[in-house]
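Q:
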Amino acid sequence: MSKRQFVAPGLARLSVLLAALWAANGLADEKQLLQAIEAQSGAIKQVSQQIFEFKELGQQEFKSSQLVVDELRKLGFKVETDLKVPDDLVKGGVAKTAFRAELPGKGPGPTVTIMLEYDALPNGHSCGHNLISGSGLLAAAGLSKVMKDLPGRLLVIGTPDEERGSLGGGKIALLEGKHFEGSDVVLITHPGSTWSVNKPLLAMKRATFVFKGKAAHAAAAPEQGINALDAAIQTFNGINALRQHLRQDVRIHGIIKKGGDVVNVVPALAEVEFAARALDTPTMLDAYAKLINTAKAAALASGTTMEYKPPRTELLSPVMVPEYLELVAKNIQQAGVPADDVVMDPQPLGSSDLGNVGHAYPTVNIMFKVAPKTVALHEDAMLKYTVPDEGWPAAVQAAKAVALSAHDLLIDPERTKRIVGKFQELKATEGK
Ligand SMILES: [Zn+2]
336 MSKRQFVAPG LARLSVLLAA LWAANGLADE KQLLQAIEAQ SGAIKQVSQQ
386 IFEFKELGQQ EFKSSQLVVD ELRKLGFKVE TDLKVPDDLV KGGVAKTAFR
436 AELPGKGPGP TVTIMLEYDA LPNGHSCGHN LISGSGLLAA AGLSKVMKDL
486 PGRLLVIGTP DEERGSLGGG KIALLEGKHF EGSDVVLITH PGSTWSVNKP
536 LLAMKRATFV FKGKAAHAAA APEQGINALD AAIQTFNGIN ALRQHLRQDV
586 RIHGIIKKGG DVVNVVPALA EVEFAARALD TPTMLDAYAK LINTAKAAAL
636 ASGTTMEYKP PRTELLSPVM VPEYLELVAK NIQQAGVPAD DVVMDPQPLG
686 SSDLGNVGHA YPTVNIMFKV APKTVALHED AMLKYTVPDE GWPAAVQAAK
736 AVALSAHDLL IDPERTKRIV GKFQELKATE GK
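Take the numbering used here: the last position of the sequence shown gets the number 767, and nothing is skipped along the way.
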């Protein structure tokens with residue numbers, strides 16, 4: 336027997352032993368983790384209740400973010416506030432109501448980031464962001480009790496101003512300000528009417544076109560006019576003709592914002608606004624390019640001029656890694672949710688700045704069930720389910736799923752590396 340052959344079985348035995356030790360440690364940690372979550376659940380439910388009552392709109396979530404920051408400091412996190420973001424994206428509160436909290440483990444390892452949202456809508460927390468911050472904070476509270484035994488580090492990023500989408504987008508400002516840098520993987524939760532991990536988000540970009548023509552009497556001298564409204568209508572007609580040749584998930588939808596003032600004057604000015612969306616970012620950008628061409632063609636055909644200024648931000652769609660989705664789905668079941676209740680949900684949630692994070696880092700959004708399917712997010716009726724007295728038990732299960740997943744990702748750096756590698760590979764072939 337050569338030396339090499341002799342050593343190998345010994346190494347194999349050693350690695351089996353180490354794996355068993357890891358597993359035993361892992362299980363002990365998990366038990367401790369779940370107990371720590373149970374123990375802190377009551378206190379953090381109160382935080383979620385207060386955020387529900389504050390119902391602060393995007394960029395004004397001063398009290399909500401301060402409350403969460405105070406809790407994270409009590410848990411031992413080092414918290415940075417007043418984050419620097421690009422000047423043209425500061426827009427009021429984003430820099431003031433965002434935060435970045437860090438808790439190191441026992442040594443080098445992966446960085447797991449948990450995102451929290453806490454902005455409301457005009458009718459209150461009908462999107463349940465008080466339960467997003469509540470469940471994410473509870474997961475962080477549980478993990479804070481075991482981090483000293485885990486490699487790597489935990490980041491908790493407060494991402495305000497989600498609801499105004501591409502008009503606001505706290506996460507875009509934070510990504511551009513490099514506050515996610517160092518993250519390997521990201522987790523977030525969102526209440527809804529099903530448990531799922533793969534709810535798609537559509538990539539989305541808006542466009543406003545202003546057509547300028549020439550006013551003239553609509554009956555006495557129409558031949559002297561150039562009709563800007565015709566250009567707007569031509570744009571709609573061009574897009575409608577295109578639909579047959581676009582992939583089924585592509586959405587292009589628009590409104591006419593200005594189309595003339597009085598019926599007896601040829602409209603000299605028309606303004607339309609469109610959004611193009613698709614399940615993946617390259618397909619959305621391709622549809623968007625067609626939209627621009629259609630508007631240019633309409634201007635040419637009508638003899639108007641067309642002004643178009645690209646928007647400052649666009650929403651991207653997340654690149655999902657099956658292994659990561661499966662890991663989180665398994666942990667949702669471990670948190671006590673029956674396997675049959677965890678569904679693959681192909682119905683897009685719309686578009687969100689969450690997609691921009693999911694396009695930059697492997698991200699899983701745990702949708703958790705607080706309401707029946709007949710009630711939609713943003714409806715007044717949803718407020719009955721996002722109030723913690725009703726929604727908290729599911730939020731606790733979501734917190735457990737986040738914490739167990741973060742734990743799995745921290746103790747197994749190889750798996751985390753594999754998820755990051757697969758993410759890069761899928762992103763390189765996105766939309767193909
Ligand atoms: Zn929401």
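For glycine and all other residues, C-beta sits at the position ideal for the given N, C-alpha and C.
Taking the beta carbon of Gln-559 as the centre, do at least 16 other beta carbons fall within 10 Å, making it buried, or is it exposed?
A: By the neighbour-count rule (16 or more Cβ atoms within 10 Å), Gln-559 is not buried but exposed.
Q: Under the three-state reduction of DSSP, which class applies to Asn-666: helix, strand or coil?
A: Note: Asn-666 maps to helix in three-state DSSP.
Q: With 7 Å set as the bound, which would you pick, yes or no: does the beta-carbon of Val-403 sit closer than that to a beta-carbon of chain D?
A: Chain labels in this structure do not include chain D; a single protein chain is all it has.
Q: Of the choices Glu-765, Glu-497, Asp-364 and Ser-470, whose alpha-carbon is the least far from that of Lys-735?
A: Among Glu-765, Glu-497, Asp-364 and Ser-470, the Cα nearest to that of Lys-735 belongs to Ser-470.
Q: Taking the CB atoms as reference points, tell me whether Phe-609 and Ala-542 lie closer together than 7 Å.
A: Closer than 7 Å, so yes.
Q: Should Val-414 and Val-429 be called a contact, given that it needs their Cβ atoms to be closer than 7 Å?
A: In this structure, Val-429 does not lie closer than 7 Å to Val-414 by Cβ.
Q: For Ser-652, which of helix, strand or coil comes out of DSSP?
A: Ser-652 falls in the coil class under three-state DSSP.
Q: Please name the residue, chosen from Tyr-720, Lys-665 and Pro-683, that lies closest to Asp-676 on a Cα-to-Cα basis.
A: That would be Lys-665, whose Cα lies nearest to the Cα of Asp-676.
Q: Using the C-alpha atoms, what's the distance from His-742 back to Met-679?
A: Cα to Cα, the separation comes out at about 23 Å.
Q: Leaving out five residues on either side along the sequence, give the residues of the same chain with a beta carbon under 6 Å from the beta carbon of Ile-590.
A: So the list reads Glu-608, once near-sequence residues are dropped.
Q: Any contact of the region 438-446 with the region 694-709, i.e. 3+ C-beta pairs under 8 Å?
A: With the cut-off at 8 Å, the region 438-446 and the region 694-709 do not touch.
Q: How many whole angstroms separate the CB atoms of Val-420 and Leu-509, which I take to be in contact at a CB cut-off of 8 Å?
A: Between Leu-509 and Val-420 the Cβ distance is about 6 Å, and since that is below 8 Å, they are a contact.
Q: Could you tell me whether any non-hydrogen atom of ligand 2 is closer than 6 Å to the CB of Lys-631?
A: For the structure depicted, ligand 2 is absent and the ligand set comprises only ligand 1.
Q: Report the three-state DSSP secondary structure of His-694 (helix, strand or coil).
A: Looking at His-694 - three-state DSSP - the assignment turns out to be helix.
Q: Buried or exposed for Val-342, please, with buried defined as at least 16 other CB atoms from any protein chain shown within 10 angstroms of its CB.
A: Because the pLDDT of Val-342 is 41, which lies under 50, any placement of that residue in the model is unreliable, and the number read from its coordinates should be weighed accordingly. It counts as exposed.
Q: What is the DSSP secondary structure of Glu-388, counted as helix, strand or coil?
A: Helix.
Q: Tell me which same chain residues have a C-beta within less than 8 Å of the C-beta of Ile-627, skipping the five on either side of it?
A: For Ile-627, where only same-chain residues beyond five positions count, the Cβ hits under 8 Å are Ala-542 and Tyr-643.
Q: Using 7 Å as the threshold, is the C-beta distance between Gly-726 and Leu-466 below it?
A: Yes, the pair counts as a contact, with Cβ atoms nearer than the cut-off.
Q: What separation, rounded to the nearest whole angstrom, lies between the Cα atoms of Ile-754 and Lys-547?
A: Straight-line Cα distance between these residues: approximately 51 Å.
Q: Taking the alpha helix (DSSP H) that Met-641 belongs to, which residues open and close that run?
A: No alpha helix (DSSP H) contains Met-641, which is instead part of the beta strand (DSSP E) from 640-643.
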